[in-house]
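Using the numbering used here, the first residue of the sequence shown is number 74, and each one after it goes up by one.
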Amino acid sequence: MIFEVDSGPVNDAGMKLATLLMAIYRCPFKPKFLLVTMIRSFLLTALRNLKKNRLYAAINIGGLAIGIACCLVIFVIVSYETSFDDYHSKASRIYRVNLNQQTGVGQQFNGCNYSPLTDAIRSEVTGLEQVTGVYCLQRYQFSKDNNLFEDQYAFFADPHYFDVFDGTWLSGDKATALTLPNSVVVTDSFARKFLGGSNKALGTTFVLENKLTLTVNGIVATPPTNTDHRYSILISYSSLGNFMPDIVDNWEKVGAGATYVVFNRDTRKDRIDAQLNQLIQKHLSKDIADKTAFYLMALNDNHDRNYDYTSFTYDFPVPVMIILSIIAGLVAFIACINFVNLATAQSLKRAKEVGVRKTMGSSRFQLVVQYLSEAFVITGLAAVTGMILSKFGIDALNRIYGKNYLRFEVLVEPLSLLLIAGFLLVITLLAGFYPAFVLSGYKPVLALKSQNYKNSSNGLSIRRTLVISQFIGAQILIIVTMIMTNQVNAFKERPMDYDPKSIVLIPALHGNDTGQYEKLRHELQNVPGILNYSFGNVGNEMGEFFTREQQKQSGIISYADTAYIHTFRMRLLAGKNLSYSTGGPNQQVLVNESLVKSLGLASPAAAIGMTYTLKGQLVTIVGVVKDSFTQPMSNRVDPITILNIPEKFSSLALSISKKDVSKTLGGIEKAWKNAYPTYLCKYQFMDDSINQSYGEYNMIFSILRLASFLAIFIGCLGLYGLVSFMAIQRTKEIGIRKVFGATVTSVVMIFTKESVILIVIAFLIAAPLAHFLGIAMLMELPERVTPGIGIFITGLLVSLLVCMLTVGYRSYQAAIQNPVESLRIED
Numbered sequence: 074m075i076f077e078v079d080s081g082p083v084n085d086a087g088m089k090l091a092t093l094l095m096a097i098y099r100c101p102f103k104p105k106f107l108l109v110t111m112i113r114s115f116l117l118t119a120l121r122n123l124k125k126n127r128l129y130a131a132i133n134i135g136g137l138a139i140g141i142a143c144c145l146v147i148f149v150i151v152s153y154e155t156s157f158d159d160y161h162s163k164a165s166r167i168y169r170v171n172l173n174q175q176t177g178v179g180q181q182f183n184g185c186n187y188s189p190l191t192d193a194i195r196s197e198v199t200g201l202e203q204v205t206g207v208y209c210l211q212r213y214q215f216s217k218d219n220n221l222f223e224d225q226y227a228f229f230a231d232p233h234y235f236d237v238f239d240g241t242w243l244s245g246d247k248a249t250a251l252t253l254p255n256s257v258v259v260t261d262s263f264a265r266k267f268l269g270g271s272n273k274a275l276g277t278t279f280v281l282e283n284k285l286t287l288t289v290n291g292i293v294a295t296p297p298t299n300t301d302h303r304y305s306i307l308i309s310y311s312s313l314g315n316f317m318p319d320i321v322d323n324w325e326k327v328g329a330g331a332t333y334v335v336f337n338r339d340t341r342k343d344r345i346d347a348q349l350n351q352l353i354q355k356h357l358s359k360d361i362a363d364k365t366a367f368y369l370m371a372l373n374d375n376h377d378r379n380y381d382y383t384s385f386t387y388d389f390p391v392p393v394m395i396i397l398s399i400i401a402g403l404v405a406f407i408a409c410i411n412f413v414n415l416a417t418a419q420s421l422k423r424a425k426e427v428g429v430r431k432t433m434g435s436s437r438f439q440l441v442v443q444y445l446s447e448a449f450v451i452t453g454l455a456a457v458t459g460m461i462l463s464k465f466g467i468d469a470l471n472r473i474y475g476k477n478y479l480r481f482e483v484l485v486e487p488l489s490l491l492l493i494a495g496f497l498l499v500i501t502l503l504a505g506f507y508p509a510f511v512l513s514g515y516k517p518v519l520a521l522k523s524q525n526y527k528n529s530s531n532g533l534s535i536r537r538t539l540v541i542s543q544f545i546g547a548q549i550l551i552i553v554t555m556i557m558t559n560q561v562n563a564f565k566e567r568p569m570d571y572d573p574k575s576i577v578l579i580p581a582l583h584g585n586d587t588g589q590y591e592k593l594r595h596e597l598q599n600v601p602g603i604l605n606y607s608f609g610n611v612g613n614e615m616g617e618f619f620t621r622e623q624q625k626q627s628g629i630i631s632y633a634d635t636a637y638i639h640t641f642r643m644r645l646l647a648g649k650n651l652s653y654s655t656g657g658p659n660q661q662v663l664v665n666e667s668l669v670k671s672l673g674l675a676s677p678a679a680a681i682g683m684t685y686t687l688k689g690q691l692v693t694i695v696g697v698v699k700d701s702f703t704q705p706m707s708n709r710v711d712p713i714t715i716l717n718i719p720e721k722f723s724s725l726a727l728s729i730s731k732k733d734v735s736k737t738l739g740g741i742e743k744a745w746k747n748a749y750p751t752y753l754c755k756y757q758f759m760d761d762s763i764n765q766s767y768g769e770y771n772m773i774f775s776i777l778r779l780a781s782f783l784a785i786f787i788g789c790l791g792l793y794g795l796v797s798f799m800a801i802q803r804t805k806e807i808g809i810r811k812v813f814g815a816t817v818t819s820v821v822m823i824f825t826k827e828s829v830i831l832i833v834i835a836f837l838i839a840a841p842l843a844h845f846l847g848i849a850m851l852m853e854l855p856e857r858v859t860p861g862i863g864i865f866i867t868g869l870l871v872s873l874l875v876c877m878l879t880v881g882y883r884s885y886q887a888a889i890q891n892p893v894e895s896l897r898i899e900d
């Protein structure tokens, strides 16, 4: 016989079935269907166990699903941000010519450049396959059939644009569409939105900013969102002279244009660098040339390795991606540890099951496969749940940013599938290892008495280590979040003389050809709720100043009217306010304290009447105002000169009352309409403008705060698992203590004391790691705020509070159990 079975008090049908299964299993000639049958049996058993332990399954699947979802969402974000402009066929050979200039306040970097540079490179630089230039309008208004519209990203582009960048042409002649003045190529989405569809768009006209009447000569497919060239229309570059005549052929002023080159396949970068340096010496004045350099940046680096250079859309630097990846890794680590912790704690309750199975003839291999299959089922369910949660998370992010930038393509992306497969394999092995290989090795007699784990501290030691590991990760996230929030709040909450929530900005006025400023000024006087308003152009220009030519410095030049200091409640430290502009060679100016110090003067009063040279013109100081911060993430205050030159005004700031804000805004729009009937009124509040200046940091903080919450939540699940394991181990002990008079409070303290110790140990390990990581994340900032000890104490207190609530709840359940029932539980 192949096998023998001892007789005993076992049901005949059950014995026959067991005998048959063991015979098939031990048969050396196993049929192919046996493997499928066994796997099916193991999976069904796993599902039954999950159904039997619903709470355990829900906690385990939920915690792991949150970790997987967090990883998938951040994976999608990072994948999207690193894919910018990869779709161009010549992407590996396209470079943008960036501008580096040394000024009195340090190195200035610019992704934009001089407008004549494109033609100069095309005619004077060798080794290039193609050159193209663009000029970008971030926002623009246009009119069609007496209707006003606004859209984003109008590019002036030369005829060589599509020889450099890929685009799908739908209508029109690619070779000639951008050659004639006043011609425009529109995207299909623009045509659908504003021109009645692609079939009606060709040949139609519209008026851009009341300056150019454009004729549609071509239609192209809307570019993908993962590009810095998100144009809605492309205007022939030859039209730029009529739109902005002061920019064209100007080697002194840098606008919003950029130059791109395509290398020949055998061209070396250093060869082009040398020729660009010759262009600097040839076309720029000596003073500017000595402080200027061109820098070639690969197209694929324009978005994620751009750092200090300006772009047409937004930058997403590599350090930000590293931060997000660390966040994802920590949350995933915490979720995995939590899963392993709960899985192993739960498995020890099944020691008797192991004894019964082994007594009935199960081999160790069968038990290993059984426990691993259960871990696989839970991990699989968590992965599916995590994918569903990540879909909702990505949709929420798209709603926040107002565009469908991120796409849930996890099931079609090979890297995403590989990531999920890796999760399934690693977590299945980690969570299934202990029950599979340790419990399956128990001797049946001891397992039936539960002696293998009740008298051993190994399982508990493992779970203590796991909980410490979880809270190390959780506290790192909490402390890093607080360090970064403290950094930004230190700058955001700097004292201001004005309330940014009550300042309304109209950033773009549209000319003063027919006295629109005076007309608008007159209309605004009749709007209730306006306290003050000021025309100007603040902080958009840099210029050199000096009293002695050998000591040139650089500072900000602002243009504002006499109401500027009242609108922004600026404190006049010495002298008087600006008077109405009189023109002339010796212009009166207001300056800030920083400029006074830069000139080497002892006090603001000493500066009154002082003259200095500003951009080659002599100016006289008539007043000194208190310093105000000029950089979003720095306490540095640039030297500022304020002049009253109405020809330079391009924006409007209004200080309004906080009562009836909507009525006041309606009045402002009506006044605007009377002064500029052919333009839309676009405004924003100052506090929104300030928040936008923090760019990607706002997004990082949002993700960090969410990740910290998820980490502490998942960590609590791990604590719950540990306390549950301890409660099971010490059931009789608790019963005996209560029989001898122990109170519920004293029983709760038994569990709480150990958990607090574990949290403190985790904090001692996490604190230095979090400090290092937090400071590393702020390395790109010009100034860093040193985190105080209060941040670390707060992080510890948060962890302890959550720990006390979690442990207190579970230990209270154990403490109120009837001691009679506890003592009846068999070993």
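C-beta atoms are modelled at their ideal positions from N, C-alpha and C, and glycine is treated no differently.
query: Which of helix, strand or coil does DSSP assign to A230?
result: Within the sequence shown, numbered from 1, the residue matching residue 230 stands at position 157. Here A230 sits in strand by DSSP.
- prompt: Looking at C-beta atoms only, is the number of pairs between the region 856–868 and the region 541–553 that lie closer than 8 Å three or more?
  reply: yes
query: If you count every other CB in all the chains shown that lies within 10 Å of the CB of D711, and 16 or more means buried, which is it?
result: Numbered from its first residue, the sequence shown carries residue 711 at position 638. D711 is buried by the Cβ-count criterion.
query: Cα separation between M850 and S398?
result: Here residue 850 corresponds to residue number 777 of the sequence shown, with the count starting at 1. Here residue 398 corresponds to residue number 325 of the sequence shown, with the count starting at 1. C-alpha separation (whole angstroms): 12 Å.
task: Counting only the same chain and skipping the five closest in sequence on each side, list residues whose C-beta sits under 8 Å from that of S188.
output: Against the sequence shown, residue 188 aligns to sequence position 115. The answer, listed in chain order, is G206, Y208, L313, I320, V321, D322, N323, G328, G330.
- prompt: Using the beta-carbon count (16 or more within 10 Å), is E720 buried or exposed?
  reply: Within the sequence shown, the letter at position 647 stands for residue 720. Exposed, since its Cβ has fewer than 16 Cβ neighbours within 10 Å.
query: Quick one: is R338 buried, meaning 16 or more other Cβ sit within 10 Å of its Cβ, or exposed?
result: As a position in the sequence shown, residue 338 is number 265, starting the count at 1. R338 should be labelled exposed.
query: F786 by DSSP, collapsed to three states: which one?
result: For the purposes of this step, residue 786 is identified with residue 713 of the sequence shown, where counting begins at 1. If DSSP states are grouped into helix, strand and coil, F786 belongs with the helices.
- request: Keeping to the same chain, check which residues put their C-beta closer than 8 Å to that of K247; ignore five residues upstream and five downstream.
  value: Looking up residue 247 in the sequence shown gives position 174. For K247, where only same-chain residues beyond five positions count, the Cβ hits under 8 Å are F235, G291.
N-terminal and C-terminal residue of the beta strand (DSSP E) that L716 is part of: Within the sequence shown, the letter at position 643 stands for residue 716. Taken as a continuous stretch (DSSP letters only), the beta strand (DSSP E) holding L716 covers 713–716.
- request: Determine the closest residue to Y22 out of E202, F238, M460, with distance taken between C-alpha atoms.
  value: Past the edges of the chain, shown from 74 to 900, lies residue 22, and the structure says nothing about it.
message: Which runs of the beta strand (DSSP E) at least 3 residues long sit entirely within the region 578–666? Give them in chain order.
response: 603–619, 626–633, 645–648, 660–665
message: Spatial neighbours of K105 within its chain, please: C-beta separation below 6 Å, excluding the five flanking residues on both sides.
response: As a position in the sequence shown, residue 105 is number 32, starting the count at 1. Here K105 scores only 49 on pLDDT, less than 50, and its place in the model should not be relied on; the value that follows carries that caveat. Correct list: empty, nothing qualifies.
task: Determine the burial state of N891: buried for a count of at least 16 other Cβ atoms within 10 Å of its Cβ, exposed for fewer.
output: Within the sequence shown, numbered from 1, the residue matching residue 891 stands at position 818. Exposed is the call here.
- prompt: Counting along the chain, where does the beta strand (DSSP E) carrying L251 start and finish?
  reply: Counted from its first residue, the sequence shown places residue 251 at position 178. Counting along the chain, L251 falls outside any beta strand (DSSP E), and DSSP gives it neither H nor E.
field: Close beta carbons around D570, own chain, < 8 Å, minus the five adjacent residues each side
entry: Counting from 1 along the sequence shown, the entry for residue 570 is found at position 497. Once the five neighbours on either side are set aside, the close Cβ partners of D570 are F641, R642, M643, R644, K699, S701.
- request: For K731, count neighbouring C-beta atoms within 10 Å of its own C-beta (all shown protein chains included) and say buried if the count is 16 or more, exposed if not.
  value: For this step, residue 731 is matched to residue 658 along the sequence shown. Exposed, since its Cβ has fewer than 16 Cβ neighbours within 10 Å.
message: Which residue marks the beginning of the alpha helix (DSSP H) containing K266, and which one marks its end?
response: Looking up residue 266 in the sequence shown gives position 193. That run of the alpha helix (DSSP H) goes 261–267.
field: Sub-8 Å separation of Y368 and N171 beta-carbons
entry: Reading the sequence shown from its first residue, position 295 is the one you call residue 368. Reading the sequence shown from its first residue, position 98 is the one you call residue 171. Their beta carbons are under 8 Å apart, which means Y368 touches N171 by this criterion.
message: Can you give me the C-alpha to C-alpha distance between V259 and L498, rounded to a whole angstrom?
response: Taking the sequence shown and counting its residues from 1, the one referred to as residue 259 is at position 186. Taking the sequence shown and counting its residues from 1, the one referred to as residue 498 is at position 425. If you take the alpha carbons of V259 and L498, they lie about 49 Å apart.
message: Can you tell me whether S162 is helix, strand or coil according to DSSP?
response: The residue given as residue 162 occupies position 89 in the sequence shown. S162 falls in the coil class under three-state DSSP.
query: What number of angstroms, rounded off, separates the C-alpha of V151 from the C-alpha of F774?
result: The residue given as residue 151 occupies position 78 in the sequence shown. The residue given as residue 774 occupies position 701 in the sequence shown. The straight-line gap from Cα to Cα measures roughly 16 Å.
field: Contact the region 125–138 vs the region 448–458: 3+ CB pairs below 8 Å
entry: yes
- prompt: If we call anything under 8 Å between Cβ atoms a contact, is F316 one with K284?
  reply: What you label residue 316 is simply residue 243 of the sequence shown in a count that begins at 1. What you label residue 284 is simply residue 211 of the sequence shown in a count that begins at 1. Yes, they are a contact pair.
message: Give me the DSSP bridge partner(s) of F182.
response: Taking the sequence shown and counting its residues from 1, one reaches residue 182 at position 109. Paired residue(s): N173.
message: Going by DSSP in three states, P82 sits in which element: helix, strand or coil?
response: For this step, residue 82 is matched to residue 9 along the sequence shown. For P82, the predicted model reports a pLDDT of 42, less than 50, meaning its position is unreliable; a value from the coordinates is still stated below. Coil at P82, not helix or strand.
query: Whose CA, out of T737, N411, G682, E202, lies closest to the CA of E596?
result: Residue mapping note: residue 596 aligns to position 523 of the sequence shown, counting from 1. Of T737, N411, G682, E202, the residue nearest in Cα terms is T737.
query: DSSP state of L221, grouped into three classes?
result: Within the sequence shown, residue 221 is the residue found at index 148, counting from 1. DSSP places L221 in strand when its eight states are reduced to three.
task: Please confirm if the region 799–815 is in contact with the region 355–371, defined as three or more CB-CB distances below 8 Å between the two stretches.
output: no
- prompt: Taking only runs of the beta strand (DSSP E) that begin and end inside the region 329–360, which ones reach a length of at least 3 residues, in chain order?
  reply: 330–336
message: Just verifying my parser: in three-state terms, what is the DSSP assignment at S797?
response: The residue given as residue 797 occupies position 724 in the sequence shown. Three-state result, S797: helix.
field: Spatial distance of R437 from Q443 (CA atoms)
entry: Counting from 1 along the sequence shown, the entry for residue 437 is found at position 364. Counting from 1 along the sequence shown, the entry for residue 443 is found at position 370. Looking at the two C-alpha atoms, the distance is approximately 10 Å.
- prompt: So what does DSSP say about N255, is it helix, strand or coil?
  reply: Taking the sequence shown and counting its residues from 1, the one referred to as residue 255 is at position 182. N255: coil per DSSP, three-state reduction.
message: I need the straight-line Cα distance from V429 to N411, nearest angstrom please.
response: For the purposes of this step, residue 429 is taken as residue 356 along the sequence shown, with counting starting at 1. For the purposes of this step, residue 411 is taken as residue 338 along the sequence shown, with counting starting at 1. In a straight line, the C-alpha of V429 is about 29 Å away from that of N411.
task: Following the continuous alpha helix (DSSP H) through Y571, name the residue where it begins and the one where it ends.
output: Reading the sequence shown from its first residue, position 498 is the one you call residue 571. Neither: Y571 is in no alpha helix (DSSP H) and is coded neither H nor E.
task: Starting from I681, follow the alpha helix (DSSP H) in both directions and report where the run begins and ends.
output: Locating residue 681 in the sequence shown gives position 608, counting from the first residue. Element bounds for I681: n/a, residue is neither H nor E.
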